[in-house]
Ligand code: M6R
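Numbering (the UniProt record's numbering), first residue to last: 246 to 610.
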């Protein structure tokens with residue numbers, strides 16, 4: 246089933262133009278400049294009443310939820326809280342009745358996520374799920390939900406599920422936003438941008454050769470830092486998780502500006518930093534964070550907009566990606582980070598699809 250690919254992980258990385266198209270198929274409504282979802286089971290009035298969303302998940306799905314927080318705030322102005330399912334299940338957070346609990350899970354079987362969902366349901370909250378595995382426990386138990394339609398994800402490291410989760414969150418944010426302040430012109434622009442995404446991801450995958458060179462240079466590192474801001478802060482966390490779980494190299498993700506509050510003490514000539522620095526609102530800020538690392542002798546790998554000379558003048562290595570609006574940058578920047586983890590793990594001789602100590606779905610607490 247891997248076809249021409251040596252590993253499921255690589256196959257799944259390369260499937261992303263199609264899986265993203267599948268996540269969007271039939272869900273974008275150009276006429277009303279909105280999105281719609283068959284299984285959400287929420288009427289317009291209920292939707293209008295939501296005044297808070299609590300997103301809950303584990304691992305990579307948790308990182309997708311963090312991106313969701315930025316998306317929902319920007320498009321729908323709805324307050325969002327993101328909580329690890331393993332924490333939420335034993336907390337007793339005050340939630341009023343217009344709070345919706347949204348679980349994100351690829352497998353639909355993660356024990357903590359299921360328990361958090363059940364506890365929220367027991368307390369009388371409306372529960373929704375964004376899920377990949379059709380008919381899974383969480384898909385069945387949530388009051389409503391959205392499937393990713395990404396097809397089976399076999400590699401233990403989650404890749405295509407992450408990008409589809411973010412795409413579904415963007416569509417949900419559009420849907421919620423259009424019941425509120427988002428104009429039809431804005432809605433139409435978002436739809437056009439989403440529709441262009443599969444093509445953009447196909448182009449992004451062309452960075453693979455650059456990624457291979459970077460992997461060869463840094464595969465011997467013992468520690469790697471991943472840094473990004475705003476929409477790309479969760480992607481920094483995700484990039485670090487990918488590297489840790491399949492190459493066993495220690496990695497940490499941080500909001501780039503937090504460096505100077507402690508982690509910068511780790512920086513030396515053997516500790517590379519991966520900077521997520523495509524063009525956007527915080528570009529200048531991230532550039533100055535990058536200079537701080539350079540000034541301390543840390544090697545810098547930049548994930549940057551194609552042809553960005555300002556970045557290449559500072560970074561030691563650059564991996565180029567196409568430009569997209571900021572809210573889509575988490576999807577585009579995830580691709581080189583998935584490939585980087587994959588290539589480094591291969592060079593380290595690790596079992597990419599089945600890393601030690603890990604299971605594809607964590608069905609124990
Ligand atoms: O199936 P789920 O999305 O609920 O799984 C959650 C995590 O166990 C999962 O994302 C895990 O962190 C992956 N191995 C990350 O690549």
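Even glycine gets a Cβ: it sits at the ideal position worked out from N, Cα and C. None of these values were measured; they are calculated from a predicted model.
For residue 317, the enclosing alpha helix (DSSP H) covers residues 304-321. In this structure, residue 595 keeps its C-beta atom at 7 angstroms or more from the C-beta atom of residue 436. Assignment of residue 500 by DSSP, reduced to helix, strand and coil, places it in the strand class. Put simply, the backbone Cα of residue 517 is about 20 angstroms away from that of residue 554. Note that the stretch 365-384 touches the stretch 335-347; at least 3 beta-carbon pairs, one per stretch, sit closer than 8 angstroms. Shown here, residue 383 sits in a helix according to DSSP, grouped into three states.
In this structure, residue 550 sits near residue 523, with a CB-CB distance shorter than 7 angstroms.
For residue 565, the uninterrupted beta strand (DSSP E) run begins and ends at 562-566, by DSSP. For residue 382, the distance from the CB to the nearest heavy atom of the ligand M6R is not below 6 angstroms.
Taking 7 angstroms as the cut-off, the beta carbon of residue 298 is found closer than this to the beta carbon of residue 325.
Minimum Cα-Cα distance from residue 460 among the listed residues 258, 587, 288, 302 corresponds to 587. Per DSSP, residue 250 lies in no beta strand (DSSP E) segment and is marked neither H nor E.
Judged by DSSP secondary structure, residue 348 falls within the beta strand (DSSP E) whose first and last residues are 344-350.
Taking C-beta separations shorter than 6 angstroms and ignoring five residues to either side along the sequence, the partners of residue 331 in its chain run 357, following chain order.
Uninterrupted beta strand (DSSP E) stretches at least 3 residues long and entirely within the stretch 355-442 occur at 371-376, 389-392, given in chain order.
By the Cβ test, the stretch 266-281 is not in contact with the stretch 371-389, since fewer than three Cβ pairs between them sit closer than 8 angstroms.
Exclusion of the five residues before and after residue 577 leaves 449, 566, 569 as the residues of its chain whose Cβ lies within less than 6 angstroms of its Cβ. Secondary structure remark: continuous beta strand (DSSP E) runs of at least 3 residues inside the stretch 537-598, in chain order: 545-550, 562-566. According to DSSP, residue 279 shares a beta bridge with 274. At least one heavy atom of the ligand M6R is found less than 6 angstroms from the C-beta of residue 306. A distance criterion of 6 angstroms places the beta-carbon of residue 413 beyond contact range of the ligand M6R, judged by its closest non-hydrogen atom. Here DSSP, grouped into helix, strand and coil, assigns residue 287 to coil. Secondary structure at residue 492: helix, using DSSP grouped into helix, strand and coil. The beta carbon of residue 346 sits closer than 6 angstroms to the beta carbons of 299, 365, 370, 372 from its chain, once the five residues preceding and following it are set aside; these are given in chain order. Residue side-chain check: residue 402 places its Cβ nearer than 6 angstroms to a non-hydrogen atom of the ligand M6R. In this structure, residue 312 lies near residue 575, with their beta-carbon atoms less than 7 angstroms apart.
Taking C-beta atoms as the reference points, residue 583 and residue 487 count as a pair closer than 7 angstroms. Within the chosen limit of 6 angstroms, the ligand M6R does not reach the beta carbon of residue 376 with any heavy atom. Looking only at 498, 557, 410, 443, the smallest Cα-Cα distance to residue 353 is reached by 410.
Between residue 407 and residue 309, the C-beta gap is smaller than 7 angstroms, which places the two residues in contact. Straight-line spacing of the CA atoms in residue 400 and residue 581 works out to 17 angstroms. When 510, 430, 535, 562 are compared, the shortest CA-CA separation from residue 463 is found for 562.
Rounded to whole angstroms, residue 397 and residue 289 show a C-alpha spacing of 32 angstroms. Under the three-state reduction of DSSP output, residue 534 falls in the helix class.
Cβ-Cβ separation between residue 421 and residue 282: approximately 11 angstroms, too far for a contact (criterion under 8 angstroms).
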